[in-house]
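Enquirer:
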Amino acid sequence: MAIILDGSTSGTASGDFAREIARRMVYWFVAGAETVTADALIAQLRMTHAALAMDFRTASASYVLMHVEGMRQALVLHAGDCLVGRREEDGWLADAAAYRHRIAGRIRGRPPSVRHSPARQTPGPPSGRSSGFPL
Numbered sequence: 001m002a003i004i005l006d007g008s009t010s011g012t013a014s015g016d017f018a019r020e021i022a023r024r025m026v027y028w029f030v031a032g033a034e035t036v037t038a039d040a041l042i043a044q045l046r047m048t049h050a051a052l053a054m055d056f057r058t059a060s061a062s063y064v065l066m067h068v069e070g071m072r073q074a075l076v077l078h079a080g081d082c083l084v085g086r087r088e089e090d091g092w093l094a095d096a097a098a099y100r101h102r103i104a105g106r107i108r109g110r111p112p113s114v115r116h117s118p119a120r121q122t123p124g125p126p127s128g129r130s131s132g133f134p135l
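All residue numbers for the sequence shown refer to the UniProt record's numbering, where the first residue is 1 and numbers rise by one.
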């Protein structure tokens, strides 16, 4: 599992918030108590966010979580402006929006129109429960 986090400069203690998300997600993953699936990752992120919400009321962070099982498939989840793309054989990066998965609304219960500025949106297919692409 790989995690990339970016604490927001607009909220106080966002760096600490991002570090705590990473710490808790890594501990959960290393414990290996359950199979890593999109639903399991989303559930763990929801629990992590709920546990941290009172201590980090004004903090925010963008993040990408990626789980690669063998060499077959990668599961990629993201929230905020962190995106992942795939490098094509010709060296070009495939459209990162095609692999997007926004979970912030599922965690915070806000609709996309409230969470995201239209100026930051890029066209792409509707997100599903998970985004996977062959490696």
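Cβ coordinates follow ideal geometry from the N, Cα and C atoms, glycine included.
As a quick exercise: from Asp16, Ala33 and Gln44, pick the residue whose alpha carbon is nearest that of Phe56.
Expert: Taking the sequence shown and counting its residues from 1, the one referred to as residue 56 is at position 56. If we check each option's Cα against that of Phe56, Asp16 comes out closest.
Enquirer: Note down the Cα distance separating Val84 from Gln73, rounded to an integer number of angstroms.
Expert: Taking the sequence shown and counting its residues from 1, one reaches residue 84 at position 84. Taking the sequence shown and counting its residues from 1, one reaches residue 73 at position 73. Rounded to whole angstroms, Val84 to Gln73 spans 14 Å at the Cα level.
Enquirer: Can you say whether Thr89 is buried or exposed, counting buried as having 16 or more other CB atoms within 10 angstroms of its CB?
Expert: Position 89 of the sequence shown holds residue 89. For clarity, residue 89 is Glu in the given sequence; the question names Thr instead. With fewer than 16 other Cβ atoms within 10 Å, it is exposed.
Enquirer: If I follow the unbroken beta strand (DSSP E) through Met66, where does it start and stop?
Expert: Counted from its first residue, the sequence shown places residue 66 at position 66. Per DSSP, Met66 belongs to the beta strand (DSSP E) from Ala61 to Glu69.
Enquirer: Apply the 10 Å Cβ neighbour rule to Val76 and answer buried if 16 or more other Cβ atoms are within range, or exposed otherwise.
Expert: Within the sequence shown, residue 76 is the residue found at index 76, counting from 1. Buried is the call here.
Enquirer: What would DSSP say about Ala74, mapped onto helix, strand or coil?
Expert: For the purposes of this step, residue 74 is identified with residue 74 of the sequence shown, where counting begins at 1. In the three-state DSSP reduction, Ala74 falls in the strand class (E or B).
Enquirer: Under 8 Å between the Cβ atoms of Ile4 and Val68?
Expert: Translated into positions along the sequence shown, residue 4 becomes position 4. Translated into positions along the sequence shown, residue 68 becomes position 68. At least 8 Å separates the beta-carbon of Ile4 from that of Val68.
Enquirer: If you drop the 5 nearest sequence neighbours on each side, which residues of the same chain put their C-beta closer than 6 Å to that of Ala22?
Expert: Your numbering for residue 22 matches position 22 in the sequence shown. Hits under 6 Å: Ile3 and Leu5.
Enquirer: Locate the alpha helix (DSSP H) running through Asp90, then write down its first and last residues.
Expert: Position 90 of the sequence shown, counted from the first residue, corresponds to residue 90. Note, Asp90: premise wrong, no alpha helix (DSSP H); not H, not E.
Enquirer: In this structure, how does DSSP classify Ser10 when only helix, strand and coil are distinguished?
Expert: As a position in the sequence shown, residue 10 is number 10, starting the count at 1. In the structure shown, Ser10 falls within a coil segment according to DSSP collapsed to helix, strand and coil.
Enquirer: For Gly70, count neighbouring Cβ atoms within 10 angstroms of its own Cβ and tell me buried if that reaches 16, exposed if not.
Expert: By one-based count along the sequence shown, residue 70 stands at place 70. Burial call: exposed.
Enquirer: What does DSSP give as the partner residues of Leu5 in its beta bridges?
Expert: Residue numbering aside, residue 5 sits at position 5 when the sequence shown is read from its first letter. The partner list for Leu5 (beta bridge, DSSP) reads Tyr63.
Enquirer: Helix, strand or coil for Ala40? Go by DSSP, reduced to three states.
Expert: The residue you call residue 40 lines up with position 40 of the sequence shown. Of the three classes helix, strand and coil, the one that applies to Ala40 here is helix, per DSSP.
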